[in-house]
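Novice: One structure follows; several queries about it will come next.
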Amino acid sequence: MGGVTVTALDAAWADRWLRECARVLADRREELIDLDRAIGDGDHGENMDRGFRAVVAKLDEGPSESVAAALKLAAMTLMSKVGGAAGPLYGTAFLRASVAAGDRDKLDGPAVEAVLTAARDGIVARGKAEPGDKTMVDAWTPAVKAAAAPADGEAALEAAASAAEAGAQATKPLTARKGRASYLGARSAGHLDPGAVSTSYILRAAVTAAVSEISAGDVA
Amino acid sequence: MGGVTVTALDAAWADRWLRECARVLADRREELIDLDRAIGDGDHGENMDRGFRAVVAKLDEGPSESVAAALKLAAMTLMSKVGGAAGPLYGTAFLRASVAAGDRDKLDGPAVEAVLTAARDGIVARGKAEPGDKTMVDAWTPAVKAAAAPADGEAALEAAASAAEAGAQATKPLTARKGRASYLGARSAGHLDPGAVSTSYILRAAVTAAVSEISAGDVA
Amino acid sequence: MKKLINDPRAVVDESLEGFGLAHADLVEVHWDPVYVTRRGGAVQGKVGLVSGGGSGHEPLHAGYVGQGMLDAAVPGAVFTSPTPDQILPATQAADGGLGVVHIVKNYTGDVLNFETAAELCASEGVDVRTVLVNDDVAVEDSLYTAGRRGVAGTVLVEKIAGAAAERGESLDAVEAVAKRVVANVRSMGLALAPCTVPHAGKPSFELADGEIEIGIGIHGEPGRQRVGLEPADVLAERLLTPVMEDLGFEAGEEVLLMVNGMGGTPLSELYIVYRRAAQLLSDRGVSVERSLVGNYTTSLEMQGCSVTVLRLDDELTSLWDAPVKTPALRWGV
Amino acid sequence: MKKLINDPRAVVDESLEGFGLAHADLVEVHWDPVYVTRRGGAVQGKVGLVSGGGSGHEPLHAGYVGQGMLDAAVPGAVFTSPTPDQILPATQAADGGLGVVHIVKNYTGDVLNFETAAELCASEGVDVRTVLVNDDVAVEDSLYTAGRRGVAGTVLVEKIAGAAAERGESLDAVEAVAKRVVANVRSMGLALAPCTVPHAGKPSFELADGEIEIGIGIHGEPGRQRVGLEPADVLAERLLTPVMEDLGFEAGEEVLLMVNGMGGTPLSELYIVYRRAAQLLSDRGVSVERSLVGNYTTSLEMQGCSVTVLRLDDELTSLWDAPVKTPALRWGV
Ligand SMILES: Nc1ncnc2c1ncn2[C@@H]1O[C@H](COP(=O)(O)OP(=O)(O)O)[C@@H](O)[C@H]1O
Ligand SMILES: Nc1ncnc2c1ncn2[C@@H]1O[C@H](COP(=O)(O)OP(=O)(O)O)[C@@H](O)[C@H]1O
Ligand SMILES: [Mg+2]
Ligand SMILES: [Mg+2]
Ligand SMILES: [Mg+2]
Ligand SMILES: [Mg+2]
């Protein structure tokens with residue numbers, strides 16, 4: 001049996017989060033491409049992979065000074081490397097998140113909620129999507145809501161990630177009203193929204209970065 | 001058991017020959033297209049079908065006055081409707097054949113030989129192909145030779161058609177040195193030459209037009 | 001996937017490099033970030049014209065950079081809008097002191113990236129106007145969508161606004177004429193076969209033998225409707241009718257008719273579609289005064305076409321006829 | 001077979017009808033027999049230029065009818081040379097009193113039909129010269145073949161001879177310059193995917209995934225060699241090397257480089273091939289002075305391309321640059 005240790009949601013965590021995003025999104029590249037092929041233009045997996053690879057290249061220049069700095073680095077890089085709808089939306093999300101993180105050296109539960117809320121609000125401000133429009137907002141909105149309860153940062157992240165996963169799954173029956181999938185009208189129903197799914201991966205990556213699995217041997 | 005009656009190789013026969021060519025070539029359109037797809041550009045069946053349909057349309061205006069007139073009508077029509085290599089080659093063949101038929105009102109064995117020889121020589125004069133180059137000349141040359149023996153016109157045609165069929169089959173192993181198939185080099189071997197095959201159909205049609213099958217009942 | 005490419009990730013850069021070499025007399029390709037300008041840069045005292053969008057629609061947009069059309073083009077990754085850090089320097093390079101018009105196809109990604117870029121440009125002191133092109137009538141219900149897409153009509157906006165800028169019109173006037181083209185141009189497209197995005201490696205959608213997609217966009221998106229293959233004359237009518245209805249044409253009007261290939265369709269087929277579309281227009285008493293037939297706004301190697309109609313007036317016609325000297329559109333000079 | 005057509009047998013006529021409607025300002029389509037002339041007919045006191053061949057290579061040849069290029073074009077059925085009864089009136093319509101040059105791609109069918117037509121023309125009092133184009137180096141051993149084929153280099157012959165005729169050169173001179181282009185132009189092509197002739201209804205050959213044909217012609221004929229799909233840079237070299245060797249290029253020479261699409265290949269891919277071909281030429285010290293990239297001599301919807309190199313001298317360059325005003329090639333006017 002193994003155990004887990006939870007690390008503080010500090011600058012090092014933020015860097016690990018971004019690297020974990022890059023790892024997961026590279027892994028899920030084809031899956032996200034296929035989701036986007038079904039109701040969009042088949043580039044979402046490539047866009048996210050390209051963006052986060054660039055983030056990692058930036059991180060390799062040295063560790064971030066703060067959570068806010070890491071998030072801002074992600075924001076600027078995604079903005080200039082992703083393009084498409086996802087670039088400005090995730091770019092704005094990380095930028096607003098960075099501002100919300102402020103000069104905190106680590107995030108507790110309420111801080112996690114504040115950061116995620118800022119991110120979601122940024123996406124809504126840019127993209128004007130409402131819940132139910134079958135966009136990434138449908139993953140962010142339940143995530144923000146779920147993050148409100150826990151006092152502990154990691155628990156807030158865990159709740160957010162699970163809610164985002166459920167939210168992403170719940171986009172399946174919806175008819176898209178924003179983004180490229182909206183052109184399909186009723187034919188968009190029956191498919192997951194790629195941006196909602198990538199959001200769920202990004203939030204799950206935040207949890208993974210916070211939690212190290214320790215094998216039974218290690219804790220013996 | 002049935003018998004056959006042989007009709008004179010006169011103007012009516014010539015008209016029937018051309019109509020029979022049209023019928024057979026329409027029937028063999030796809031086969032000739034496929035042969036030409038393999039080593040050429042896939043139009044031989046379409047070209048021959050188009051050309052002989054036009055010949056029939058001309059024949060429908062009234063019966064030919066003579067063998068020579070029927071052959072000249074075919075020559076001019078094929079020349080203006082077939083295009084490609086086959087158009088001028090068959091056009092020249094029928095034109096020279098028409099001249100060779102001259103003012104004969106019907107053809108006997110030597111006349112058949114003279115007509116076929118003129119046709120073959122016309123093709124060679126235009127196309128400069130030698131026997132073995134994997135062209136229609138490989139059907140015409142043995143046909144001309146076989147037509148030399150019989151005194152009887154129908155027997156000469158029958159011998160020519162059979163020789164043309166054998167000649168066409170014998171093009172299979174050859175490497176093309178003239179026409180579009182020559183671009184393939186050694187890859188042209190292993191396929192029948194479409195023009196040699198259409199030549200064998202045209203000569204067989206001449207026999208069919210000369211011979212009416214009569215069922216046993218009719219001759220009882 | 002069979003393509004004349006090297007690394008799927010290098011497609012846009014290598015293609016632009018070839019483009020720059022082939023048309024060095026007309027254009028300049030800039031790297032890091034990537035954008036294309038007219039050879040010689042901004043024309044002082046002329047309104048600048050910049051467009052851009054995902055790659056894969058060649059010759060759109062870089063093929064339309066040159067005298068009488070665009071001053072700069074900003075290519076994104078394949079089917080992915082470019083980013084603000086590309087659009088900013090392209091806009092600065094296009095600014096001849098009178099400001100710049102951004103011609104943007106109406107897609108969420110393009111709109112958001114050009115929006116951000118316009119803010120950056122403003123903060124750098126460049127007066128930027130944005131004209132959204134949304135000619136695709138296949139997207140019917142714009143209340144419940146991201147709005148109509150910009151497709152092949154974009155070429156007409158770029159040509160006509162480019163001519164207005166070239167003849168010395170003000171920023172307001174160039175913006176206004178571009179918007180007038182947008183207000184009077186409509187398009188609709190169909191696909192016989194999908195395209196394959198290099199980095200995706202798989203066709204953008206699946207179509208059975210004998211099936212086609214009506215109302216496709218230019219990004220390999222599936223269309224609104226899947227129907228059986230029909231004769232070209234029927235298909236031409238399927239495309240033209242909604243275009244005509246949306247524009248509300250009346251007898252006696254004059255139009256430009258464009259039949260645009262999606263990249264993998266032979267020119268001969270485009271002319272067959274053109275023939276029927278022209279007949280239908282003339283049946284309604286609409287007079288086709290100008291035409292454009294060819295691959296002008298493509299979707300990689302997609303097989304299919306779109307039909308575009310632009311309502312003309314004397315000014316638009318004379319701007320259309322004005323000289324243009326770009327890699328992909330050229331006359332009068 | 002998925003095509004934007006009506007009846008497979010009506011493809012050529014309906015396409016020409018659309019072509020005539022779309023370009024009524026430049027050309028006139030004649031029926032029964034079919035041929036295309038410059039709007040306004042023969043230019044008196046100018047040598048006439050006529051070309052023709054099977055359809056399916058659009059814009060070749062009808063797309064090159066107009067000022068500075070052809071006076072008439074004679075389209076046959078798809079991939080089938082036209083007949084003498086079409087070529088005769090087209091030639092007469094092109095004769096401005098100084099005689100006519102026939103530009104004929106070297107295929108048995110084209111040669112024989114133009115030969116007969118030339119005899120008919122002579123008997124009608126038109127002085128006809130025939131220039132055979134045979135630029136395709138894929139056909140190596142011309143002793144054992146019908147000789148090298150005419151492919152995309154034909155466009156360069158038509159453009160340059162057309163410019164010579166337009167500037168008032170004599171029949172001898174126009175014939176001579178056309179032959180000089182033929183002597184200095186070489187091409188080679190490849191296919192990633194075959195085309196389907198409408199009346200055949202089946203692909204012209206079969207290629208497995210990952211297989212390509214090197215040395216194809218423009219009639220859907222299989223090539224000389226079937227190889228595995230390779231990167232564009234390798235393929236560009238496979239095409240350019242025999243072209244260069246056949247022309248025997250030396251450092252310091254100047255050339256025109258053309259990368260021609262076979263109809264179904266995106267422009268972006270052609271530029272990737274162009275990029276490498278231009279690099280290879282410059283590595284050898286050969287200077288690319290002019291370029292042409294696009295679908296200029298096609299094979300229906302075939303996917304693939306050809307590379308053409310023309311050795312330039314000052315006269316050929318200035319004839320190339322001379323104004324041309326046709327549906328498919330236009331500059332300077
Ligand atoms: N207006 C919007 N608001 C929020 N999210 C949006 C909006 N438009 C698109 N999206 C999200 O962007 C995702 C698509 O991103 P991507 O494929 O990278 O960009 P593009 O659509 O430009 O190709 C969609 O799945 C959706 O979640
Ligand atoms: N030089 C030639 N001499 C004799 N026959 C030839 C010659 N060139 C081609 N042919 C014949 O023409 C046939 C092809 O005819 P067709 O397909 O209609 O014309 P094309 O080759 O122009 O498409 C070949 O199969 C061959 O028999
Ligand atoms: Mg997408
Ligand atoms: Mg053939
Ligand atoms: Mg995209
Ligand atoms: Mg042919």
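Each protein sequence line maps, in turn, to chains A, B, C and D. Each residue of the first sequence is one higher than the last, beginning at 1 in the UniProt record's numbering. Each residue of the second sequence is one higher than the last, beginning at 1 in the UniProt record's numbering. Each residue of the third sequence is one higher than the last, beginning at 1 in the UniProt record's numbering. Each residue of the fourth sequence is one higher than the last, beginning at 1 in the UniProt record's numbering. Don't be surprised by glycine CBs; every beta carbon is placed ideally from N, CA and C.
1. Check whether the Cβ of G41 (chain C) lies closer than 6 angstroms to any heavy atom of ligand 2, and answer yes or no.
2. Please list, in chain order, all residues of the same chain as D313 (chain C) whose beta carbon is under 6 angstroms from its beta carbon, the five residues on each side excluded.
3. Output the distance between the C-alpha atoms of A183 (chain D) and L70 (chain D), rounded to the nearest integer angstrom.
4. Mind reading off the beta-carbon distance from I214 (chain D) to V227 (chain D)? Whole number of angstroms is fine, and I expect it under 8 angstroms.
5. What residues of chain D sit near I218 (chain C), judged by a beta carbon separation below 7 angstroms?
6. Which residue's Cα is closest to the Cα of A166 (chain B): B:G190, B:A196, B:R180?
7. Taking the alpha-carbon positions, what's the G66 (chain C) to A85 (chain B) distance?
8. For D136 (chain D), name the three-state secondary structure that DSSP assigns.
9. In chain B, which residues lie with their C-beta within 7 angstroms of the C-beta of E211 (chain D)?
10. Buried or exposed: which applies to V104 (chain C), given that a residue is buried once 16 or more other Cβ atoms fall within 10 Å of its Cβ?
11. How about K134 (chain A): is its C-beta nearer than 7 angstroms to some C-beta of chain C?
12. Is H44 (chain B) near ligand 4, going by C-beta to nearest heavy atom under 6 angstroms?
13. Just to make sure I have the definition right: I need the residues of chain C whose C-beta is within less than 9 angstroms of the C-beta of E254 (chain D). Which are they?
14. May I ask you to list the residues that DSSP assigns as paired with K106 (chain B)?
15. With respect to 6 angstroms, is the separation between the Cβ of G87 (chain B) and the closest non-hydrogen atom of ligand 6 below this value?
16. Please determine, among D:R39, D:G18, D:A152, D:A73, the residue with the shortest C-alpha to C-alpha distance to P33 (chain D).
17. Using the rule of at least 16 other Cβ atoms within 10 Å of the residue's Cβ for burial, across every protein chain shown, is G122 (chain A) buried or exposed?
18. Taking only beta-carbon atoms, is D43 (chain A) less than 7 angstroms away from chain C?
19. Any beta carbon of chain C sitting closer than 7 angstroms to that of R37 (chain A)?
20. Taking 8 angstroms as the limit between beta carbons, can you name the residues of its chain near D41 (chain B), skipping five residues before and five after?
21. Any idea what DSSP makes of S81 (chain C), helix, strand or coil?
22. Identify each residue in the segment 216-242 of chain D for which the Cβ-Cβ distance to at least one residue of chain B is less than 7 angstroms, and report them in chain order.
23. So the candidates are C:R238, C:T154, C:G332, C:S299; which of them puts its Cα closest to the Cα of V185 (chain C)?
24. For a test of your reading of the model: does the CB of G217 (chain C) fall under 6 angstroms from any non-hydrogen atom of ligand 3? Yes or no.
25. Since D172 (chain C) and V151 (chain C) should fall inside the 8 angstroms C-beta cutoff, what is the C-beta to C-beta distance between them, to a whole number of angstroms?
26. For A100 (chain A) versus A118 (chain A), is the C-beta spacing smaller than 7 angstroms?
27. Taking contact to mean 3 or more Cβ pairs, one atom from each stretch, closer than 8 angstroms, check whether the segment 100-118 of chain C and the segment 194-212 of chain C are in contact.
28. Within 7 angstroms (strictly less), CB to CB, does G18 (chain C) reach chain D?
29. Quick test of your reading: A232 (chain C) and L4 (chain D), contact by CB under 8 angstroms. State the CB separation rounded to the nearest angstrom.
30. Could you name each continuous alpha helix (DSSP H) segment of 4 residues or more that falls completely within the segment 131-213 of chain B, going from the start of the chain to the end?
31. C305 (chain C) by DSSP, collapsed to three states: which one?
32. Kindly indicate which residue of A:D43, A:P142, A:G87 has the alpha-carbon position closest to the one of A164 (chain A).
33. Mind checking if G162 (chain D) is an interface residue toward chain B, Cβ cutoff 7 angstroms exclusive?
34. Taking the alpha carbon of L256 (chain D) as the point to measure from, which residue in D:V273, D:V128, D:S291, D:I87 has its own alpha carbon closest?
35. In the DSSP assignment, find the unbroken beta strand (DSSP E) run with T77 (chain A) in it and report its ends.
36. Where DSSP assigns a beta bridge to Y35 (chain C), which residues make up the other side?
Specialist: In this structure, then:
1. No; taking the cut-off as 6 angstroms, the Cβ of G41 (chain C) has no heavy atom of ligand 2 nearer than that.
2. none
3. 20 angstroms
4. 6 angstroms
5. Result: empty, since nearest Cβ-Cβ is about 12 angstroms, beyond 7 angstroms.
6. Out of B:G190, B:A196, B:R180, the CA that lies nearest to the CA of A166 (chain B) is found in B:A196.
7. 46 angstroms
8. strand
9. The contacting residues do not exist; E211 (chain D) stays about 14 angstroms from chain B at best.
10. buried
11. Output row for K134 (chain A): interface = no.
12. yes
13. Under the 9 angstroms cutoff, chain C gives no residues; its nearest Cβ is about 15 angstroms from E254 (chain D).
14. B:D10
15. no
16. D:A73
17. Counting Cβ neighbours within 10 Å, G122 (chain A) comes out buried, since at least 16 surround it.
18. Answer yes: the Cβ-Cβ gap between D43 (chain A) and chain C drops below 7 angstroms somewhere.
19. yes
20. R180
21. coil
22. G217, H219, G220, E221, P222, R224
23. C:T154
24. no
25. Going by Cβ atoms, the distance from D172 (chain C) to V151 (chain C) rounds to 27 angstroms, so no, they are not a contact pair.
26. yes
27. At 8 angstroms Cβ cutoff, the stretches do not touch.
28. Yes - at least one Cβ of chain D is within 7 angstroms of the one on G18 (chain C).
29. The C-beta separation of A232 (chain C) from L4 (chain D) comes to about 4 angstroms, placing the pair in contact by the 8 angstroms criterion.
30. 137-146, 153-169, 194-210
31. strand
32. A:P142
33. By the rule that beta-carbons nearer than 7 angstroms mark a contact, G162 (chain D) does not touch chain B.
34. D:S291
35. T77 (chain A) -> not in any beta strand (DSSP E); alpha helix (DSSP H) instead, spanning 67-81.
36. C:H30
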